[in-house]
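Right, one structure below, let's go through it.
In our numbering, the protein residues as written are 81 to 476.
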């Protein structure tokens, strides 16, 4: 494991080792794990508390909009705060808010409660992203992050929809509390991760951040996350409308999460040896095809393959895009801003999707809008990816 002793005598894992990447991934996941089990949460609120699809979608969106606010605040504070003590406090806050959520049974209170939970979690994820940017090869750590999220998210989507009818919605919040407790146990073993010195690849001629490429990168992250989460949050309802059985649906969601790990491992293995532009373009095209295939969800095989393909590409594209944002500065500030864009997309997707579905639950419209948003994400991501590939070839 290549453990090291800190200046205080504490045993710490090697800052760029495999254990550190796993621990950082848990830290970055703890504040937003509910997004990985969003179908289970939305379906649980509908079935366990009697929320309407729109109310449940609002709860999910409020949670992630809160996270976006928390992540944005961290962008301006990350240079001035001590990240480890702050992370301890935020994890304690997450646990407290999940315990409070177990006492709430109406959407009028649940929505602001989960918004506050999201703010705390978003701040924690922003800190974790900034710390990841200070380590070497952040793309690989973001890849490990997706392995953790998709692996454990698959388990959550498999079992939680079955536990809610037995134990109620408390099962959802207890799962989140358990994740936070595990992360608390890992936190003491992480290294200090002080900001690194900047290099030319993160600036324009070493003079400042490239604003237009950065803005396009953030837009690509936002659109990609919005399209995917907008459909993912309501995927159980889509499958039920297609007359698929709940057991098959939950197993499919679990498998798509676990298969998605392949995409994250590809990022860990490839890093940027093939550049970013080609892999990103191919993965986005596959995502579009997966979205289109869901028009034929009544066929179990099509539903299974489409979800598996989208799981792989989701876990493949996001580490590359977040890694691209991290390259614009090495203090971690732009990585935190990338986390903000990601959360805004994750929050906006379910909100817009809930409105698009309407009382008639028009999933065909939802799929088509998602495809259009994915194509826009591809266009936005090409220029910054090409720029970074050019800088890498020129040794910048």
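For every residue, glycine included, the Cβ atom is placed at its ideal position computed from N, Cα and C. Keep in mind that this is a model prediction, so the values were computed, not measured.
- [ ] Kindly indicate the opening and closing residues of the alpha helix (DSSP H) around residue 387.
- [x] Within the chain shown, the letter at position 307 stands for residue 387. Element bounds for residue 387: 380-406.
- [ ] Run the CB neighbour count on residue 286, radius 10 Å, all protein chains shown included, and call it buried at 16 or more, exposed below.
- [x] On the chain shown, position 206 is the one that residue 286 refers to. Any reading at residue 286 must be qualified, since the residue scores a pLDDT of 44, below 50, and its modelled position is unreliable; no value is offered.
Open item on the list: Going by DSSP, what residue range makes up the alpha helix (DSSP H) through residue 330?
Closed with: Translated into positions along the chain shown, residue 330 becomes position 250. 326-350 is the extent of the alpha helix (DSSP H) around residue 330.
TODO: Could you tell me which residues DSSP pairs with residue 220 in its beta bridges?
DONE: Position 140 of the chain shown holds residue 220. Looking at the DSSP assignment, residue 220 forms no beta bridge with any residue, so it has no partner.
Open item on the list: Using a 10 Å radius around the Cβ and a threshold of 16 neighbouring Cβ atoms, would you call residue 197 buried or exposed?
Closed with: The sequence position of residue 197 within the chain shown is 117, counting from 1. Buried is the call here.
Open item on the list: Less than 9 Å between the C-beta atoms of residue 446 and residue 333, yes or no?
Closed with: On the chain shown, residue 446 is found 366 positions in, with the first residue counted as 1. On the chain shown, residue 333 is found 253 positions in, with the first residue counted as 1. In this structure, residue 333 does not lie closer than 9 Å to residue 446 by Cβ.
TODO: Within 10 angstroms of the Cβ of residue 357, are there 16 or more other Cβ atoms? Answer buried if so, exposed if not.
DONE: One-based indexing of the chain shown puts residue 357 at position 277. The residue in question, residue 357, is buried, as its Cβ has 16 or more Cβ neighbours within 10 Å.
TODO: Give the range of the alpha helix (DSSP H) segment to which residue 444 is assigned.
DONE: Here the question's residue 444 lines up with position 364 in the chain shown. From DSSP, the alpha helix (DSSP H) with residue 444 extends over 443-473.
Task: Span separating the alpha-carbon of residue 142 from that of residue 378 - done: Walking along the chain shown from the start, residue 142 turns up at place 62. Walking along the chain shown from the start, residue 378 turns up at place 298. Taking the straight line joining both Cα atoms gives about 31 Å.
Open item on the list: Measuring only the C-alpha atoms, how far is residue 81 from residue 220?
Closed with: The residue given as residue 81 occupies position 1 in the chain shown. The residue given as residue 220 occupies position 140 in the chain shown. With a pLDDT of 43 at residue 81, under the threshold of 50, the modelled position of that residue is not reliable, and the figure given next carries that caveat. Roughly 17 Å between the two C-alpha positions.
Task: residue 460 versus residue 468: straight-line alpha-carbon distance, rounded - done: Residue mapping note: residue 460 aligns to position 380 of the chain shown, counting from 1. Residue mapping note: residue 468 aligns to position 388 of the chain shown, counting from 1. If you take the alpha carbons of residue 460 and residue 468, they lie about 14 Å apart.
Task: Spatial distance of residue 397 from residue 104 (CA atoms) - done: For the purposes of this step, residue 397 is taken as residue 317 along the chain shown, with counting starting at 1. For the purposes of this step, residue 104 is taken as residue 24 along the chain shown, with counting starting at 1. About 19 Å.
TODO: In angstroms with no decimal places, state the Cα-to-Cα distance between residue 162 and residue 156.
DONE: Residue numbering aside, residue 162 sits at position 82 when the chain shown is read from its first letter. Residue numbering aside, residue 156 sits at position 76 when the chain shown is read from its first letter. Cα to Cα, residue 162 sits roughly 13 Å from residue 156.
TODO: Check the C-beta distance from residue 416 over to residue 210 and give it rounded, since I have them as a contact under 8 Å.
DONE: On the chain shown, residue 416 is found 336 positions in, with the first residue counted as 1. On the chain shown, residue 210 is found 130 positions in, with the first residue counted as 1. With 8 Å as the limit, residue 416 and residue 210 qualify as a contact, their Cβ atoms being about 5 Å apart.
- [ ] Quick one: residues in its chain with C-beta nearer than 8 Å to the C-beta of residue 441, no 5 flanking neighbours on either side, listed in chain order?
- [x] For the purposes of this step, residue 441 is identified with residue 361 of the chain shown, where counting begins at 1. Counting only Cβ-Cβ distances below 8 Å, and skipping sequence neighbours, we find 133, 317 and 321.
TODO: Drop a sphere of 10 angstroms on the beta-carbon of residue 212, count the other beta-carbons inside from all chains shown, and report buried for 16 or more, exposed for fewer.
DONE: Walking along the chain shown from the start, residue 212 turns up at place 132. Buried.
Task: Per-residue burial, residue 168 [other beta carbons within 10 Å of its own, 16 or more giving buried] - done: As a working note, residue 168 is residue 88 in the chain shown. So residue 168 ends up on the exposed side.
Open item on the list: Does residue 386 pass the burial test, meaning 16 or more other C-beta atoms within 10 Å, or should it be called exposed?
Closed with: Start at 1 with the first residue of the chain shown, and residue 386 comes out as number 306. Label assigned to residue 386: buried.
Open item on the list: Let me make sure I understand the geometry here. Which of 299, 414, 144 and 296 has the alpha-carbon closest to that of residue 208?
Closed with: As a position in the chain shown, residue 208 is number 128, starting the count at 1. Checking every option, the nearest Cα to that of residue 208 belongs to 414.
TODO: Under 6 Å Cβ to Cβ from residue 457, same chain only, skipping five residues before and after it: list those, please.
DONE: Position 377 of the chain shown, counted from the first residue, corresponds to residue 457. Result list for residue 457: 300, 303 and 304, in chain order.
- [ ] Mark residue 91 as exposed unless 16 or more other C-beta atoms lie within 10 angstroms of its C-beta, in which case mark it buried.
- [x] In the chain shown, residue 91 corresponds to position 11, counting from 1. By the neighbour-count rule (16 or more Cβ atoms within 10 Å), residue 91 is not buried but exposed.
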